[in-house]
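Single-structure report; data block below.
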Amino acid sequence: MPSLPAPNSTKLTLSQYIHPPTSSSPQIHTLTLLPTTPPTTSLSLGTTTTLPITPQSFTPNPKFLPFLSTILQKYAHLDPQLHSQAAAFATTTTHFSLSPPSSYRQNKGGKSSKGKDSGAPPSASQGGAGSGGHGGYIHLSDTRAPPDYGRIAYPEDIFGSLEVDATGQFVEGDSGKAPGNWQDSGTYRIVTREGILGLPDFLRGKLVEALKEEEKKINGN
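For the sequence shown, the UniProt record's numbering gives the first residue as 1, with consecutive numbering after it.
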């Protein structure tokens, strides 16, 4: 972790910034996806009391995940990586159920050198051309810990799910929803032992774009 030269923000990764403490909060660092200094705290990922950031030191911004959800509802079905998953769904029995089974616990023993997964295979009874031609669901997982092929990520790494039909196409949206009927997992965590929030390039770009627009509104620009 680089030193934190006040009062400027320090770039943590290609898409994250850590902002140094202020006189009013001398022990608190703010984590954002925008370089603006001082940070717009209502748009931050959250704060940490220590560096490097750990799940124990991190306090999430309660407004961030709902904001992220609005972006994923709107754009997840357009993401190239999810389109590839949907296409694979139509040609194999590999797919993901809507809700991770209760047996998929956060057991770190399931890690591999190439990524991590829950250690359990997906059920072949709900979708894929090889399992009766039924539709099912695919998950959007955090890039910090991609699951091995054909496996399901840990619940803490799953943003949510999209519904696909037997041909690998996203189903028509219900009641004004975008195709795929995005549904949040309800289990996602911004910071885990594996790292900090990571999205595919397309969705990260859409999120940062939306955050910049929201910041302009807040600042009256």
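Note that the Cβ used here is the ideal one computed from N, Cα and C, for glycine as well. Just so we're clear, the structure is a prediction, and the values are computed from it rather than from any experiment.
Residue i classed as buried or exposed, judged by whether at least 16 other C-beta atoms fall within 10 angstroms
i    : result
P52  : exposed
N219 : exposed
Y104 : Any reading at Y104 must be qualified, since the residue scores a pLDDT of 36, below 50, and its modelled position is unreliable; no value is offered.
K206 : buried
T48  : buried
E156 : buried
Y137 : buried
T94  : Because T94 carries a pLDDT of 45, less than 50, the predicted location of this residue cannot be relied on, and no value is offered for it.
N221 : exposed
D174 : exposed
S23  : exposed
P20  : buried
P38  : exposed
P62  : exposed
P80  : exposed
D201 : exposed
G168 : buried
G160 : buried
S112 : Residue placement at S112 is poorly supported in this model, since its pLDDT is 41, which falls under 50; the coordinates still yield a value, given next. Flag for S112 reads exposed.
Whole-Å CB distance - residue i paired with residue j, under 8 Å assumed
i           : j    : result
I28         : A210 : Contact doesn't hold; Cβ gap of about 25 Å is too wide.
I190        : L45  : 5 Å
A166        : G135 : 6 Å
L82         : L31  : Actually they are not in contact, since the Cβ atoms of L82 and L31 sit about 26 Å apart, beyond 8 Å.
residue 224 : L43  : Outside the modelled stretch of the chain, which goes from 1 to 221, sits residue 224, for which no answer is possible.
R151        : G195 : Not a contact, Cβ separation roughly 18 Å.
P55         : R204 : Going by Cβ atoms, the distance from P55 to R204 rounds to 21 Å, so no, they are not a contact pair.
Bounding residues of the beta strand (DSSP E) (the contiguous stretch that carries residue i)
i   : result
L43 : Note, L43: premise wrong, no beta strand (DSSP E); not H, not E.
H19 : Y17 to H19
T59 : F58 to P60
Residue range of the alpha helix (DSSP H) that includes residue i
i   : result
P66 : F64 to Y75
T32 : Looking at the DSSP string, T32 is not in any alpha helix (DSSP H); the run it does join, the beta strand (DSSP E), is H29 to T32.
P80 : P80 to T91
Report the start-end ranges of each beta strand (DSSP E) in the region 136-218 that is 3 residues or longer and not cut off at the edges.
Whole beta strand (DSSP E) segments, 3+ residues: 136-141 and 158-164.
For the pair the region 170-182 and the region 61-79, tell me if three or more CB-CB distances fall below 8 Å.
Taking 8 Å as the limit for Cβ pairs, the verdict is that the region 61-79 does touch the region 170-182.
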